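J.: Residue numbering for the sequence shown follows this note's numbering, beginning at 30 and increasing consecutively. Just dropping this structure here.
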Amino acid sequence: MKPLDLSTSAALGGPAWLIASRAAAANAFSNAAMPDPQLEQWRYVDLEFDIADYHLADAPGDARYEAEAGHTAGRALIVDGFIRDIDGFSRLSELSAAPSSPDIDTAADVFAIAHSAFVDDGVVLHLERGQTESDTYLVEVVATRDGTVSFPSFTVVAEQSSESSILVFCRSDDDVDAIVIPRITIDAGPAANVNVTIVQEWGDATRALAQLHTSIERDARVHLGEVGLGGVYSRLFFTVDLEGSGAHSEITGLYFGDEDQTLDYRATINHQAPRTTSNMFLKGAVEGSAHSVFTGMIRIEEEAQQTNAHQTNRNLVLSRDASAESVPNLEILANDVACGHASTVGPLDEEQRYYLTSRGLDRDRADRLQVRGFFEEAIGRLPNQAVAPGIRKIVATKYAEAQAAGRA
């Protein structure tokens, strides 16, 4: 095992630009501390771990592809931070210069600093101008080793008028006590169309703190689908910069926490140009003693006139000890915009339950139908519908098991 220190970072190889980037971040990491829960971006959560107690793996564990992606245009398998298999992609370490990416503010985030300091390699998808792919690109991220921290990296550069569909599948076994800190960067050029679906099924002992950064140029469209099901603590911190006129961001997600899980979503959508549009739609449920957090910020700059932006977050609390935080925010500096947000946190609908039981269903089955219907709207909007049947099955099984165990 390799400790997270300056010598470990310095020993990692790669091109000159990557070595220099790591060195600067490693110096910052040596003086960084775990997040202050008083900071807005860390409110509502108690991390209860220290990244310094984890180490880089010496070698990847044994893992194979498990995602059902059908025909693929490219496949990559990242295990414990190591690229075990790659086809149809480039490697970060093979690039002569850093790929284009938005600025990343690491001032208050030791995990972002750590990723920059210890990332060894990454997967890069470069779509040429006008390139279109009907098949899916698959990136599978796996954690197998206890006590390890890994830093998977995936970069998408979509040039003008290119089109692609990408599936990122994250998983670990239930007993794997590991930290995974993925970083996904998407740069969508003019009129590009990029669909990305992330499905995370981390095991019960795994912690994941993912960072996703998207920049969208003129008339481009990026649709992000997120499905959060696993992990004792799973966080997705994502920022979207709508940089060109007519740019559009669509975010669709669902999450389901049980037992003592914490599922944590932090979103910032920056409208920086006129006639940009965004729509964020997330649905979540918690049972047992699980906890979910959503904080969303839509920021509209003064020059972003005629912007249309909306965010919706709806939550079901299915047991007495479960809890959900939902905090949507707007910051509007322009005067010709259409914006809105909606947020709900509550139990299952008693009237719907009464209606279903009055027609012969027992209470448990009636509640299962409500939960299924609640999530269906989000599942039906996911950009990759090939994953939808599996997601429906997992959600149904998860809730039925909670009912049987008395957690819901």
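C-beta atoms are modelled at their ideal positions from N, C-alpha and C, and glycine is treated no differently. Computed from a predicted structure; not experimentally measured.
1. Under a Cβ-count criterion, where at least 16 other Cβ atoms within 10 Å of its own Cβ denotes burial, should L196 be classed as buried or exposed?
2. On a Cα-Cα basis, can you pick out the residue from A143, H339, V205 that is closest to R328?
3. Nearest to D138 by alpha carbon, out of G159, S59, H155?
4. Could you pull the start and end residues of the alpha helix (DSSP H) that Y383 belongs to?
5. Starting from V197, follow its DSSP beta bridges and name the residues at the other end.
6. Pop quiz: L347 and A437 are said to be a contact at Cβ under 8 Å. What is the actual Cβ separation, rounded to whole angstroms?
7. Under a three-way DSSP split, which group does I48 fall into?
8. Which residues does DSSP pair with D293 in a beta bridge?
9. To the nearest angstrom, how far is the alpha carbon of L106 from that of G275?
10. Provide the residue span of the beta strand (DSSP E) that contains Q399, from first to last.
11. Anyone know if the C-beta pair for P211 and V170 falls short of 8 Å?
12. Where does I210 sit, in a helix, a strand or coil, going by DSSP?
13. Can you tell me whether DSSP reads H144 as helix, strand or coil?
14. Is the beta carbon of T243 less than 8 Å from the beta carbon of V251?
15. For M30, which residues of its own chain have a beta-carbon under 8 Å away from its beta-carbon, when the five flanking residues on both sides are left out?
16. From the DSSP output, in three-state form, read off E123 for me.
17. A172 and V205: beta carbons closer than 8 Å?
18. Excluding five sequence neighbours on each side, which residues of the same chain lie with their C-beta closer than 6 Å to the C-beta of I142?
19. Spatial neighbours of F448 within its chain, please: CB distance less than 6 Å, with the 5 preceding and 5 following residues excluded, ordered by chain position.
20. Candidates A234, S193, V74, I213: which alpha carbon is nearest R200's?
21. Per DSSP, which residues does H339 bridge with? Please list them.
22. Taking the alpha helix (DSSP H) that S36 belongs to, which residues open and close that run?
23. Enumerated in chain order, which unbroken segments of the beta strand (DSSP E) with a length of 3 residues or greater are wholly contained in the region 78-113?
24. Leaving out five residues on either side along the sequence, give the residues of the same chain with a beta carbon under 6 Å from the beta carbon of E316.
25. Take the Cβ of G325 as the centre, count every other Cβ of all protein chains shown within 10 Å, and call the residue buried at 16 or more, exposed below.
26. For S119, collect the residues of the same chain with a Cβ closer than 7 Å to its Cβ; drop the 5 residues on either side in sequence, then sort them by chain order.
27. Which of the three DSSP states is assigned to N468 in this structure?
28. Just tell me which of S263, P219, A249 has its CA closest to the CA of A239.
29. To which residues does DSSP link V346 through a beta bridge?
30. Looking at the structure shown, is V424 part of a helix, part of a strand, or coil, going by DSSP?
31. Please report whether the beta-carbon of C199 lies at a distance below 8 Å from any beta-carbon of chain D.
T.: The structure says:
1. buried
2. H339
3. S59
4. 379-386
5. V168, I227
6. 4 Å
7. helix
8. R264, V322
9. 35 Å
10. No beta strand (DSSP E) holds Q399; the alpha helix (DSSP H) holding it covers 392-408.
11. yes
12. coil
13. helix
14. yes
15. H84, L85, A86, D87, G176, T177
16. helix
17. yes
18. A54, A57, F58, A61, T135
19. As displayed, the chain neither begins before 30 nor continues past 437, which places residue 448 out of reach and without an answer.
20. A234
21. N308, G369
22. 35-40
23. 101-108
24. D287, L347, S348, A351, A431, R436, A437
25. buried
26. V153, H155
27. Because the chain in this structure spans residues 30 to 437, residue 468 falls outside the shown range and cannot be described.
28. S263
29. V315
30. helix
31. Checking the listed chains, one finds no chain D in this structure; it contains a single protein chain.
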